[in-house]
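Protein chains: 2
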Amino acid sequence: MQKEKDITIYDIAEKLNISIATVSRALKDDPVVSKKTKKKIFDMAEELGYRSNHFARNLRIQQTNTIGVLVHELNSNFITSVLAGIEKVTTEAGYDIIIAHSNESSLKEAANAKNLFHKRVDGLIASLSFDTSNLEHFKAFFDKNIPVIFFDRVEQDSESTVVVIDNAKAGYQATQHLIEQGCTRIAHVTSSLKRNVYSQRFKGYKDALYDHNIPFDESLLIINDLSEEAGIEAARQILKMKRLPDGVFITNDFVAAVCMRTLKEHEVNIPEDIAIVGFNNDAIGKLIEPALTTIDYPGQDMGEIVATNLINHLKGVSNLRQTNTIIVRSDLIVRKSSVRK
Amino acid sequence: MQKEKDITIYDIAEKLNISIATVSRALKDDPVVSKKTKKKIFDMAEELGYRSNHFARNLRIQQTNTIGVLVHELNSNFITSVLAGIEKVTTEAGYDIIIAHSNESSLKEAANAKNLFHKRVDGLIASLSFDTSNLEHFKAFFDKNIPVIFFDRVEQDSESTVVVIDNAKAGYQATQHLIEQGCTRIAHVTSSLKRNVYSQRFKGYKDALYDHNIPFDESLLIINDLSEEAGIEAARQILKMKRLPDGVFITNDFVAAVCMRTLKEHEVNIPEDIAIVGFNNDAIGKLIEPALTTIDYPGQDMGEIVATNLINHLKGVSNLRQTNTIIVRSDLIVRKSSVRK
DNA sequence: AAAATTTATGTAATCGGTTACATTTTTAAA
DNA sequence: TTTAAAAATGTAACCGATTACATAAATTTT
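Sequence order for the protein chains is S and F. Reading the first sequence from the start, the letters are residues 0 to 340 in numbering that gives the first Met the number 0. Reading the second sequence from the start, the letters are residues 0 to 340 in numbering that gives the first Met the number 0.
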């Protein structure tokens, strides 16, 4: 119940009959302290079970050595890879990270941003939630000159540095691949076009159609959230079309998987009747049948890039203001769901 | 580059020509401050863009109002549901949480524990990583009387409160279900039996066999980590058996899915040749073919229960020492992968 | 109107570190 | 041996809040 009193540098100093200044220096391994005294101090610290007080320290030095990471979800391969990348770089650089997730709610995102701000992170890494439409809730960071880098889900016109893949190109590739497989009526299942990733992929889709002389047909565009129901509903919409499409480009593997299952339940052959391409390269893609063609992009690399840039900026090595957009590679992974003989 | 100086209560006090004590009280909405002064102070705080300094506050009151959450992974439905449950309860109670994940490495787990300890969380919620074999790295918490609750992945003989499902019962149910489907040679794919969840499920498996007069056959027990390769390897082992099993109980949906895919690639019919039951009710189960029979357990509830217990303890409402094990319900969800006509 | 209460505000110590500057001790140079 | 320089340690202010206790102002009671 009762928390025991903590050991402080005062306790160590007293026991050893030296000043707290020396203790403080020794614990930071300051070369100015003699090896002999240092040893005594370390030993005593160990013996008493001393732990330094972050709060006192941060209060004094006005720096937390902590980076906030704000993501829109946690349960995807992509995000966990990104986190792994960020962690790798930040731990090496001696920074802590605090992970917060908004669960695709911009309200929660705002609350988290506020919280991280109050926790005084030195910098912020963020991927916007589904329905975030402005950067209002990051204003506090901007005002105080706390660096913020966005990745993947970003605001188009942001002043901040962003790390993304070339979503338009990826969308183009996916669509072109379907066209190369002989598809001429290609549906596109995606989400809010206000979000950069979806609008860019959509642009790529349209560009590919255009370049191959296929007119864009609005009725083949299906927009929804990324839930299971959405996948089912998308399949229903497809099935209701007067003329069935022969290809579908879906901007999310999970939705693609759900959609595919529903289509199959209705006797649609994949890829013969309808070829399907997803997006993200989630684990699921290799397990469903037929295996899902998708766009892969390296989460871990992305995380490392984001973190490295932020930390370099914090250390004054580089200036974020100079780099504005960093593009990470992405690749089309062809599997059975889209390959027609 | 340069972080601007922060506004403190001193700035507000100076501007308003009142004492910092009054400002401090007003900002906490202390009823002792007159409404008039309070308004002035709030307005000025707003105007100057004041934000309270957590570090100064925590240093002074020796309390962080923060709970650490240490999980073994992030990308599973189960864990994210648990987190959602924990978050719901903690935010309501005015606590912050810090999420750390060990990525199934007990080394990282120890590092995270240390970090959370230094961040002075008021309490800790943890699910052990795969290869954690002792609670040594939580000693600091125990010593300082900081409450720790474990959930799901726990140490059997721990003194701490644990929140789990009845893994033995679930294992029994899963196995019994296979037996009821007519299986008599049931393989069991699982992971390190040192980890409570797996040893308990194994116990349930053996008990079910015993109760139905099926002798336990050691050669039908396959133990591995929970990777994709493990799933493939498990399938290979099964295929190599002199007599094919007619049922498999796999303690992880992902591994089950991989295993199933590999079996199917080798012309094994599921469930006719081999019936399969997984564990966890991950999203994947409903998408693969045939859909996977599995054990479902309510992550969100579990999270809420864990958090509620911890917070009640912190608030002194209840004492954790009294409750030692809390069992959460779990259910068998029957899908096609195990149903034989 | 004076005294007694009640209400509002102020003073100053405290939390546990960091660090500029001062002082003491040790070592090297004259 | 004395002096100068270098190395080690100490003193005290500071970071920004909280709060026990003291004091002042407003209100009520006699």
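For glycine and all other residues, C-beta sits at the position ideal for the given N, C-alpha and C.
Residue i, buried or exposed, once every other Cβ within 10 Å from all chains shown has been counted against 16
i       : result
N280(S) : buried
Q180(S) : buried
H187(S) : buried
S341(S) : Nothing about residue 341(S) can be read from this structure; chain S reaches only from 0 to 340.
H211(F) : exposed
T183(S) : exposed
P297(S) : buried
N16(F)  : exposed
R152(F) : buried
F313(F) : According to the sequence displayed, residue 313(F) carries Leu and not Phe. So L313(F) ends up on the buried side.
R242(F) : exposed
is_contact[residue i, chain S] using C-beta, thresh 8 Å
i       : result
K2(F)   : Only weak support is given to the placement of K2(F): the predicted model assigns it a pLDDT of 47, under 50, and the value that follows is read from those uncertain coordinates. So, interface residue.
N74(F)  : yes
V147(F) : no
H136(F) : no
D165(F) : no
R152(F) : no
G302(F) : no
I8(F)   : no
A282(F) : yes
T79(F)  : yes
I273(F) : no
R249(F) : Note that residue 249(F) is Ile in the sequence shown here, rather than Arg. With 8 Å as the cut-off, I249(F) does not count as an interface residue toward chain S.
D406(F) : Any property of residue 406(F) remains undetermined from this structure, which presents chain F solely from 0 to 340.
I17(F)  : no
I326(F) : no
Within-8 Å CB hit, residue i to chain F
i       : result
V316(S) : no
R339(S) : no
N114(S) : yes
F253(S) : yes
V276(S) : no
L286(S) : yes
D216(S) : no
H117(S) : yes
A92(S)  : no
A169(S) : no
V333(S) : no
D295(S) : no
R50(S)  : yes
I222(S) : no
I11(S)  : no
Rounded distance between the beta-carbons of residue j and residue i, thought under 8 Å
i       : j       : result
S101(S) : S128(S) : 4 Å
A282(S) : F253(F) : 7 Å
I148(S) : V162(S) : 7 Å
D224(S) : S190(S) : 6 Å
I185(S) : P244(S) : 6 Å
P270(F) : S329(F) : Contact flag wrong, Cβ pair sits at about 22 Å.
L208(S) : F215(S) : 5 Å
Cβ pair residue i, residue j closer than 8 Å
i       : j       : result
D295(F) : I237(F) : no
G93(S)  : N64(S)  : yes
K37(F)  : A25(F)  : yes
T292(S) : V276(S) : yes
G203(S) : N166(S) : yes
I124(F) : V68(F)  : yes
E266(S) : V88(S)  : no
F53(F)  : H136(S) : Checking the displayed sequence, the identity of residue 53(F) turns out to be His instead of Phe. No, these two residues do not count as a Cβ contact at 8 Å.
F248(F) : A173(F) : yes
N195(S) : E154(S) : yes
R339(F) : G284(F) : no
F251(S) : F278(S) : The identity of residue 251(S) in the sequence shown is Asn, whereas the question assumes Phe. Yes.
G246(F) : I213(F) : no
Y49(F)  : I11(F)  : yes
N76(S)  : N74(F)  : yes
M259(S) : I221(S) : no
L134(S) : S157(S) : yes
Which of the residues in the region 53-71 of chain F, read from start to end, lie with their CB under 7 Å from any CB of chain S? Using a CB distance below 7 Å, the part of the region 53-71 of chain F facing chain S consists of H53, F54, A55, N57, L58, ordered along the chain.
Residues in the region 232-247 of chain S with C-beta within 9 Å of chain F's C-beta atoms, listed in sequence order? Answer set for the region 232-247 of chain S: empty.
Could you run through the region 183-211 of chain S and flag, in chain order, every residue whose CB is less than 7 Å away from some CB of chain F? If the cut-off is 7 Å between Cβ atoms, the region 183-211 of chain S has nothing near chain F.
Beta carbons nearer than 9 Å to chain S: which residues of the region 27-48 of chain F have them? Residues passing the 9 Å Cβ filter: G48.
Taking Cβ-Cβ distances below 7 Å as the criterion, which residues of the region 257-270 of chain F are in contact with chain S? Hits within the stretch, in order: V257, R260.
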